[in-house]
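Below: the structure, in structure tokens.
In our numbering, the protein residues as written are 10 to 331.
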């Protein structure tokens, strides 16, 4: 199943809420944790999940991101049909930028048609988490689903920033609303809601048909959360896949962060400094790969006010002088 899956990473967002960090780069290319880029977490998940056919759809200030992909992620063998390929906007549909998440893929529909894949995995390139996508793909197959949406529970007062879903006892999605003012809460837990993580598995034929039909709709914003999913739920078997469940190789992980604001980005970095970090970067079986620049070791030097100092709970990048 993995060799019949095409992975698409959406990495073209402006990231205006993360300014000034995005002044010269796309959000997925923003440095994180002293040595990584944000997109490294999604790419590492693909690597460990056994996914070897990856398209990265870029758009906004993409030079830094494309350079990072070239320098740090040119690791697959194209002779075996393996690749991580950045795809800048080609304006095949019209002379305009992408208008939504679904529109970004529609502009590159010919790549899906040529892929000979049976499934499409759609990911975001700007979240911090670890996840075994192979387990989600297997759940998609076992449920005979047309679409599978990764989901997680969040406090009800935070849910309005996400796509909120309701599911039945078989985990089939029966309702989906994108960023509702009054989010639906869990039936047995009014303090929490079930939200989309922006991770989707589509059967290829359905993806192609759906995007073509959506493009023809004049009232559509061409967005998965706003347009595609709400329409499909009443027509196709659309299932939820709970993040952090018992399936997959990283079952202890429950950590997922959208670092789309300065506050969220700061807190996610601070999480790494906990005595027992909620995101464990030290597991040998699921390492996070990145580009390692050739830099001098980190070191400390005397300060202007004395020769003694203390620093604790810090991650120090290579080449740093303190």
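Each residue gets a CB set at the ideal place from its N, CA and C atoms; glycine is no exception.
Whole-number beta carbon distance between residue 256 and residue 148, since they are thought to touch under 8 Å | 7 Å
Which residue from 245, 35, 100 puts its Cα closest to that of residue 135?
-> 35
In angstroms with no decimal places, state the Cα-to-Cα distance between residue 47 and residue 130.
-> 19 Å
Please determine, among 228, 196, 99, 14, the residue with the shortest C-alpha to C-alpha distance to residue 176.
-> 196
From 170, 72, 263, 227, residue whose alpha carbon lies closest to that of residue 95 = 72
C-beta atoms of residue 14 and residue 127 nearer than 9 Å = yes
Outcome for residue 45 when other beta-carbon atoms lying within 10 angstroms are tallied against a minimum of 16 | buried
Environment of residue 205 [buried if 16+ CB atoms lie within 10 Å] = buried
Go through its chain and collect everything with a Cβ distance to residue 141's Cβ below 8 Å, but skip five positions before and after it.
-> 54, 57, 58, 256, 257, 258, 259
Using CA coordinates, which residue listed in 262, 18, 300 is at the minimum distance from residue 65?
-> 18
Quick one: Cα of residue 189 to Cα of residue 235, how far?
-> 10 Å
Beta-carbon proximity list for residue 247, same chain, < 6 Å, skipping 5 on both sides | 156, 182, 241
Who are residue 160's beta bridge partners in DSSP?
-> 205, 251
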